[in-house]
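Numbering (our numbering), first residue to last: 462 to 831. Even glycine gets a Cβ: it sits at the ideal position worked out from N, Cα and C. None of these values were measured; they are calculated from a predicted model. These notes are about the structure you will find just below.
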């Protein structure tokens, strides 16, 4: 018998996240051992009258293909997969990581091939044209990252992925209105004093429709308005390498200095293209059940009391004009356990040490979302 929690998750994805309708084409993409969820998704989608399709991938096979691959090969595969993706109405991407560092020793030119493929298939087609949701699937490596037993991590995973996101969605509307009225934002804390404008930018609540788990409201800074320094306090994997203590200095929107535990590797990322040195997203995390990082961005960027400030491409629904092959969600946690900090809108203190203090936003503090 399948785990009933898997069936509940599949139901949430099909009927809430993707809102599948009769006759819609639904692509399920898996990386790693996620067959139990894939089967449940196929069954749930078919029962709803949709047309499910499955792509199955493997981390080690991806590594070998990249190692031996050429640009011509990558472009051919991207054209093929983008054409198929363009026929889909909905997409669910499931990663069940066996070894999160499988790509860590690939040379930069091979990682660039992967970035160009992802842009052609996902950024240019899947994101703007489909109802999509992406998530992880619990594996021993994820449990290890979270410093939990597999059983304990599975309990945690299903609790955060099957949270009442409709309740969260209602509370997020207050933050959306605040952000859309705001002009200047200031983020302050240990090693951080950063200002930028979000004037006239839309704010987008993320309430389980595109990510599971979810729980953030995002916008984008006015491209050339960012000034100051930010010291991120959350380790962040990128292309198989875990960056720590990333510190960025901005002048008129552009990253002019960057350091980390491997500053040379960090510079290569920001040299990907001109847009990589500008920021495409500013977001505030509010998921009440996610309180500590585990080096998995789909979880870490939703941490209650956090923000993420993202070098790279902006989203089409919060556009600031910045385009890039990268989009790197770097996370700063401002709860007392991580050094605290403050978030200000137009000179008004909105959140202190990870808790909202503005009266209209108290509904987003953890005890009011559970």
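Three-state secondary structure (DSSP) of residue i
i: residue 693; result: coil
i: residue 535; result: helix
i: residue 682; result: coil
i: residue 890; result: In the structure as shown, the chain starts at 462 and stops at 831, and residue 890 therefore has no counterpart that could be examined.
i: residue 728; result: helix
i: residue 490; result: strand
i: residue 772; result: strand
i: residue 809; result: strand
i: residue 589; result: helix
i: residue 512; result: strand
i: residue 547; result: coil
For residue j and residue i, the rounded distance between their alpha carbons
i: residue 471; j: residue 645; result: 41 Å
i: residue 561; j: residue 812; result: 33 Å
i: residue 734; j: residue 785; result: 6 Å
i: residue 647; j: residue 756; result: 26 Å
i: residue 503; j: residue 513; result: 6 Å
i: residue 732; j: residue 789; result: 13 Å
i: residue 622; j: residue 730; result: 31 Å
i: residue 546; j: residue 533; result: 20 Å
Same chain, Cβ closer than 7 Å to residue i, five either side skipped, listed in chain order
i: residue 581; result: 539, 543
i: residue 527; result: 567, 571, 574, 575
i: residue 578; result: 535, 538, 539
i: residue 771; result: 740, 741, 742, 788, 789, 790, 791
i: residue 796; result: 766, 814, 815
i: residue 677; result: 667, 744, 745, 746, 747, 762, 763
Closest residue to residue i among the options (Cα-Cα distance)
i: residue 590; options: 563, 605, 550; result: 550
i: residue 520; options: 828, 639, 563; result: 563
i: residue 685; options: 464, 515, 783, 824; result: 783
i: residue 480; options: 509, 467, 469; result: 509
i: residue 666; options: 638, 816, 724; result: 638
i: residue 750; options: 825, 771, 789, 491; result: 825
i: residue 814; options: 823, 798, 505, 822; result: 798
i: residue 670; options: 808, 594, 823; result: 594
i: residue 659; options: 775, 743, 588, 801; result: 743
i: residue 657; options: 804, 752, 827, 488; result: 804
i: residue 584; options: 718, 791, 775, 831; result: 775
i: residue 516; options: 819, 529, 487; result: 487
i: residue 625; options: 477, 758, 682, 754; result: 477
i: residue 643; options: 818, 492, 807; result: 807
For residue i, the residue or residues it bridges with in DSSP
i: residue 746; result: 677
i: residue 712; result: 715
i: residue 699; result: 702
i: residue 595; result: 554, 672
i: residue 658; result: 645
i: residue 804; result: 648, 812
Spatial neighbours of residue i in its chain, beta-carbon cut-off 8 Å, leaving aside the 5 residues before and after
i: residue 720; result: 706, 707, 708, 727
i: residue 602; result: 558, 559, 560, 561
i: residue 569; result: 729
i: residue 681; result: 659, 662, 740, 741, 742, 743, 775, 776, 779, 780, 781, 783
Cutoff 6 Å; reference residue i; Cβ partners in own chain excluding five residues on either side
i: residue 655; result: 648, 689, 691
i: residue 599; result: 614, 615, 618
i: residue 652; result: 692
i: residue 718; result: 710
Min CB distance residue i to chain B below 8 Å
i: residue 474; result: Among the chains in the structure shown there is no chain B, since it carries only a single protein chain.
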